[in-house]
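J.: Before we start, here is the structure in question, set down as structure tokens.
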Amino acid sequence: MNKERILQILNYVVKNAEADQVEAVLMGGETYLTGFANNYIHRNVGEESYELNIRIVLGKKVGASSTSDLSDEAINEAIRNAINIAKLQKDNPDFVSLPQNYPGDNEFIFVSQVPDAETRASMVKKLVDASRKYGFISSGKFETEKFQLAVKNSLGVERYMERTVSTLKNIVMTDTSSGFSQESKQDFREINIESILEESLEVARMAQNPIEISPGKYEVVLSPYAVEEFLSSMKYLSLNAKNIEEGTSFMKGHFGEKLFPDHISLYDDGLSNETLKMGFDFEGVPKKKVYFVKEGVILDVLYDSFYAYKEGKDPTGHSLPQPNSLGAYPMNFFVHGGTSSVEEMISHVERGLYVQRFWYTNPMEPTSLLITGMTRDGLFLIENGKITKPVKHMRFTESILNAFKNCLEISNISKIIYEDGAVTTAPYMRIKDFKFTSVTEF
Amino acid sequence: MQEVIERALFTAKKLGATYADVRLIEREAEDITVSNGKVEGVKKRLTKGFGVRVIVNGAWGFFSSYNVSPEEGEYVAFNAVQIAKASAMTKIEDARLAQVEIYQDKVLQPVKIDPFSIPLNKKIDFMLSLDKLMEKPGIIVRSSSMHFSKEWKTFASLEGAFIEQERIVSGAGLQAIATDGKEIQIRSYPASFGGNYARKGYEFIEEMKLEENAERIRDEALLLLKAKPAPSGIMDLIIGPYQMALQLHESVGHPTELDRVLGEEASFAGTSFLTPEKLGNFQFGSKYVNIVADATVPDALGGFAYDDEGVKAKKIYLVKEGLFVGYLNSRETAFKLGLEPMGAMRADGWNRQPIIRMTSINLEPGNMTLEELIAGVNEGLLIDVNRSWSIDQKRLNFQFGTEIGYEIKNGKIQDMVKNPTYSGITYEFWRSLDGVGNESYYKILGVPNCGKGEPMQVMEVSHGSSYARFRNVRVGVKHE
Chain A
1 MNKERILQIL NYVVKNAEAD QVEAVLMGGE TYLTGFANNY IHRNVGEESY
51 ELNIRIVLGK KVGASSTSDL SDEAINEAIR NAINIAKLQK DNPDFVSLPQ
101 NYPGDNEFIF VSQVPDAETR ASMVKKLVDA SRKYGFISSG KFETEKFQLA
151 VKNSLGVERY MERTVSTLKN IVMTDTSSGF SQESKQDFRE INIESILEES
201 LEVARMAQNP IEISPGKYEV VLSPYAVEEF LSSMKYLSLN AKNIEEGTSF
251 MKGHFGEKLF PDHISLYDDG LSNETLKMGF DFEGVPKKKV YFVKEGVILD
301 VLYDSFYAYK EGKDPTGHSL PQPNSLGAYP MNFFVHGGTS SVEEMISHVE
351 RGLYVQRFWY TNPMEPTSLL ITGMTRDGLF LIENGKITKP VKHMRFTESI
401 LNAFKNCLEI SNISKIIYED GAVTTAPYMR IKDFKFTSVT EF
Chain B
1 MQEVIERALF TAKKLGATYA DVRLIEREAE DITVSNGKVE GVKKRLTKGF
51 GVRVIVNGAW GFFSSYNVSP EEGEYVAFNA VQIAKASAMT KIEDARLAQV
101 EIYQDKVLQP VKIDPFSIPL NKKIDFMLSL DKLMEKPGII VRSSSMHFSK
151 EWKTFASLEG AFIEQERIVS GAGLQAIATD GKEIQIRSYP ASFGGNYARK
201 GYEFIEEMKL EENAERIRDE ALLLLKAKPA PSGIMDLIIG PYQMALQLHE
251 SVGHPTELDR VLGEEASFAG TSFLTPEKLG NFQFGSKYVN IVADATVPDA
301 LGGFAYDDEG VKAKKIYLVK EGLFVGYLNS RETAFKLGLE PMGAMRADGW
351 NRQPIIRMTS INLEPGNMTL EELIAGVNEG LLIDVNRSWS IDQKRLNFQF
401 GTEIGYEIKN GKIQDMVKNP TYSGITYEFW RSLDGVGNES YYKILGVPNC
451 GKGEPMQVME VSHGSSYARF RNVRVGVKHE
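The listed protein sequences correspond, in order, to chains A and B.
Residue numbers for the first sequence follow UniProt numbering, beginning at 1 and rising by one.
Residue numbers for the second sequence follow UniProt numbering, beginning at 1 and rising by one.
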């Protein structure tokens, strides 16, 4: 759908919904996913879909509705639904207003070409042919999307964004191992297939016939994939004003305190060149750079308009589609990079583990951010500064806070990891006393 | 609607499809969340669209659109065919489907009380009254949620299938989070992560007895703050039906999905230790373990009349008297192993291609009372309601935590304990089961959020179980 039609729909909603305040958000676009397994394309899908979200404010009552059917009749029904909900609502005394129109660009276009079905299949063919050549099995996906987001409200907000993102992921499996690599780019032509092949094949080759070692505390070097997965729980449990108000965040009561070493800085920055950019949030508020932790000191959290206005602040541009029980969310999370090369980091480990990837991580305790999960697709013993042997996979049970306190080194390179519409820019991290609690059979 | 389907199927066939199906779905949903005395959000969602799945040149293609019109029917089918042709560039062998009976049917779901007929303000008032019941010093978050949906789905295929199905779902749950400033404890009712869901009308909410349990979970959350930590070590474990739901889901449901087994989900969800040579030959559990996949259980969230390939709902055994005997399958994976399609292909909406999903995966009841199960334990724990979960990508090494536990000593229940966890290797764990509660304890938990697949699909499944007793389980995890 073109921009004009999208804005026409939003204008219609804002003009025709009789209420104190109105917000219309339209998001969607085209998404294609070419999935492969056993060295062939087994799932190849495409969709064109949109969702129109409407928020209606009557005094301190808020009603919301959505529709994926964009016919006039369906849009009118969605408007009626939101108004009816607002009328039947209770007052929310903490609600102040929908967002004001904050200064900033109104249009953000971060797009390139969307590849056709044959081009997508050709890229996948390179991966599966290479795996087949070595007698290995490739599985993965090539996903490409053109995402459009437009927000208009009755307080003057009108913003439009278009973004393309493509992700190529490859898992190479042998009889006794697997190796993983993934890359996401705004322009699919910049995806380095050779580098993905090299990393996934090399890890799978090296990881064959793993030995079993005992669980316990190990010094680890985590790859960016592992860092992203390990920190994923923190992003929805700790970093927004709702988490603070409800008392579930480790940051509560510690603002201004130095909890971590100097080299730990965590922030969100939607407009950095080192992320897949996003100009504004799902309320149309421009993205601000927010430091959660700067040089080890606890600094700030994210605000959507509800929590910002409730606390007399400005929203930071991190709202998810409303209503949303998660609160504000870091869509462009950064772990600040360090100064070491990966080789240097490994060379500093006397006896430890290199972790390519974690899997199925979940929090056990929210405030200490105690997390458990498994290693996956490459786990290696490091001895005397060198990777020496592949190791059977293990379960870790570790607190994110302890891991930051025990972080010895951060790499000078980072990788953009795109999962479920959000981006983490993650480096390698060397961490001492990382706890592994059990082993598995492979 | 009829014309959209006909034009899509006609176009697909004309362009070379040897198989094609169309799913057209309209869905209406209402979500209400209340937190700390305020309505956090009320939203009504409408969705409508259709998807076309084809086999062309022996390979799959799928395309979908929000725009339901006859012209779009042709466009969507054309795109699905183009995508299938591209898929064929890497083909190793032709995609083939096991034969099934072809149905034309219309299945309505009768409910006692249409959930959308209950006024919104009545639902909100009820939830606010529940919220009030959970208010007490030390409780930092009180939350409750309700969900209702009504779906109308039409499935048609080039083989002549034409099936219309109605689906109505209701669900609700409560949660209280307590803190003493140092730690957090959580109690939920009837289960965590949104409560319980069923294919029923508003009568399901009335049957849940939410008012009668709000104060109990509030007080249990506060008591947990003062409870002693759960022990660590090797001991016996009695697991309640709501935690058993998660145990069945992660260690039986997922590893018996035949697409995983055959490597089709390897890049995301992983594979499975239940490889084909084990079918009929592998001692999955003890002789007390009888686990079925049953899409025919009335009202269960994982049930339906026909799956999204038009296969009629069935009950099959996955594990019988401990032996691994069945897979969840699709027409394609059934053909590959020479099995009979059992109807587990489902998509979470019109814009997704069906993949193999759990139906209602249930541990059949045994013949013991809870008292008898407890009496047989010298040293152990009784635990229930999931709090944390993790399992490796072959579904072997698992570690789960529950909201609440009670010590058992010398056959008697003792003190409440907090933060209980247990872990194991799947088949070793199921082999240690030596007693299952009788039908009077049997509960079915509807789970609305099973995630699988790329692109991600969220599916409604369910799990039935009584209390179950496991011997010599590793309890607790040393992480300090």
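No residue lacks a Cβ here, since even glycine has one placed at the ideal position from N, Cα and C.
Is the Cβ of Ser272/B closer than 8 Å to any Cβ of chain A?
T.: By this cut-off, Ser272/B is not an interface position.
J.: Which term fits His254/A, buried or exposed, when burial requires 16 or more other beta carbons within 10 angstroms of its beta carbon?
T.: When all chains shown are included, His254/A counts as exposed.
J.: Per DSSP, which residues does Asn196/B bridge with? Please list them.
T.: Partner(s): Ala172/B.
J.: DSSP state of residue 484/B, grouped into three classes?
T.: Residue 484/B cannot be examined here, being either before or after the span of chain B that is shown, 1 to 480.
J.: Short of 7 Å in beta carbon distance, which residues of its chain neighbour Tyr441/B, apart from the five on each side in sequence? Order them along the chain.
T.: Cβ neighbours of Tyr441/B beyond the five flanking positions: Pro241, Leu370, Ser466, Tyr467.
J.: List the residues of chain B whose Cβ lies closer than 7 Å to the Cβ of His393/A, in chain order.
T.: In chain order: Asp392.
J.: According to DSSP, Ile383/B sits in a beta bridge with which residue or residues?
T.: Ile239/B, Gly405/B.
J.: Please report the distance separating the alpha-carbon of Gly35/A from that of Val54/B.
T.: C-alpha separation (whole angstroms): 16 Å.
J.: From the DSSP secondary-structure annotation, give me the bridge partner or partners of Ser49/A.
T.: Paired residues: Gly29/A.
J.: Going by the beta-carbon positions, is the gap between Asn332/A and Asp268/A smaller than 8 Å?
T.: Yes.
J.: Out of Gln182/A, Leu326/A, Asp187/A, Arg205/A, which one is the CA nearest neighbour of Glu194/A?
T.: When only C-alpha atoms are compared, the closest one is Gln182/A.
J.: Short of 6 Å in beta carbon distance, which residues of its chain neighbour Ser178/A, apart from the five on each side in sequence? Order them along the chain.
T.: The answer, listed in chain order, is Ile171, Ala204, Asp377.
J.: Please classify Pro103/A as buried or exposed, where buried requires at least 16 other C-beta atoms within 10 Å of its C-beta.
T.: So Pro103/A ends up on the exposed side.
J.: Who are the neighbours of Ile171/A on chain B, taking C-beta pairs under 8 Å?
T.: The answer, in chain order, is Ala266, Ser267.
J.: Classify His393/A as helix, strand or coil using the three-state DSSP reduction.
T.: Coil, per DSSP.
J.: Look up Pro229/B in the DSSP assignment and say whether it is helix, strand or coil.
T.: Strand, per DSSP.
J.: Decide if the region 258-277 of chain B is in contact with the region 373-380 of chain B; the criterion is three or more beta carbon pairs, one per stretch, under 8 Å apart.
T.: Verdict: no, contact absent.
J.: For Pro341/B, which option in Ala313/B, Ile361/B, Ala347/B has the closest C-alpha, if you only look at C-alpha atoms?
T.: Nearest option by C-alpha distance: Ala313/B.
J.: Between the C-alpha atoms of Phe304/B and Tyr236/A, what's the straight-line distance to the nearest angstrom?
T.: Between Phe304/B and Tyr236/A, the C-alpha separation is close to 34 Å.
J.: Listed from N- to C-terminal order along the chain, which residues in the region 243-265 of chain A have their beta-carbon within a distance smaller than 7 Å of any beta-carbon of chain B?
T.: So the list reads Glu246, Gly247, Thr248, given in the order they occur along the chain.
J.: Determine the burial state of Val458/B: buried for a count of at least 16 other Cβ atoms within 10 Å of its Cβ, exposed for fewer.
T.: Per the 10 Å Cβ criterion, exposed.
J.: Since Tyr66/B meets chain A, which of its residues come closer than 7 Å, beta carbon to beta carbon?
T.: Simply Glu48, Ser49, Tyr50, Ser68, Asp69, Leu70.
J.: Within 10 angstroms of its Cβ, does Glu250/B collect 16 or more other Cβ (buried), or is it exposed?
T.: So Glu250/B counts as buried.
J.: Using a Cβ cut-off of 8 Å (strictly closer), state whether Leu396/B contacts chain A.
T.: It does: the Cβ of Leu396/B has a partner Cβ on chain A nearer than 8 Å.
J.: Going by the CB atoms, is the gap between Ser423/B and Ser214/A shorter than 8 Å?
T.: No, these two residues do not count as a Cβ contact at 8 Å.
J.: Indicate whether Arg471/B and Gln283/B have their beta-carbon atoms separated by less than 8 Å.
T.: Not in contact: Arg471/B and Gln283/B (Cβ atoms no closer than 8 Å).
J.: Output yes if chain B places a C-beta closer than 8 Å to the C-beta of Val13/A; else output no.
T.: Not closer than 8 Å to any Cβ of chain B, the Cβ of Val13/A fails to qualify, so no.
J.: Counting only beta-carbon atoms, is Ala84/B nearer than 8 Å to chain A?
T.: At least one chain A Cβ lies under 8 Å of Ala84/B.
J.: Use the C-beta contact count for Gly224/B: other C-beta atoms within 10 angstroms, 16 or more gives buried, fewer gives exposed.
T.: With the sequence shown as reference, residue 224/B is identified as Leu, and Gly is not the correct amino acid for it. The residue is buried, with at least 16 neighbouring Cβ atoms inside 10 Å.
J.: Under 8 Å, do Leu222/A and Met429/A count as touching if we go by C-beta distance?
T.: The answer is yes: Cβ separation under 8 Å.
J.: Tell me the DSSP bridge mates of residue 483/B?
T.: Since the first and last residues shown for chain B are 1 and 480, residue 483/B lies out of range.
J.: Near Gly201/B, what residues of its chain come up, given a Cβ to Cβ distance below 7 Å and the 5 sequence neighbours on each side ignored?
T.: Answer for Gly201/B: Val111, Lys112, Ile113, Asp114, Pro115, Ile168, Ser170, listed in chain order.
J.: Is the Cβ-Cβ distance between Asp180/B and Val473/B less than 8 Å?
T.: It is not a contact, given that the beta carbons lie outside the stated cut-off.
J.: Does the distance from the C-beta atom of Glu220/B to that of Thr367/A stay below 8 Å?
T.: For Glu220/B and Thr367/A, no; Cβs fall outside 8 Å.
J.: Is Pro215/A helix, strand or coil when you go by DSSP?
T.: Of the three classes helix, strand and coil, the one that applies to Pro215/A here is coil, per DSSP.
J.: Can you confirm whether Arg331/B, when its beta carbon is compared against all beta carbons of chain A, has any partner nearer than 8 Å?
T.: Judged by the 8 Å Cβ criterion, Arg331/B is not in contact with chain A.
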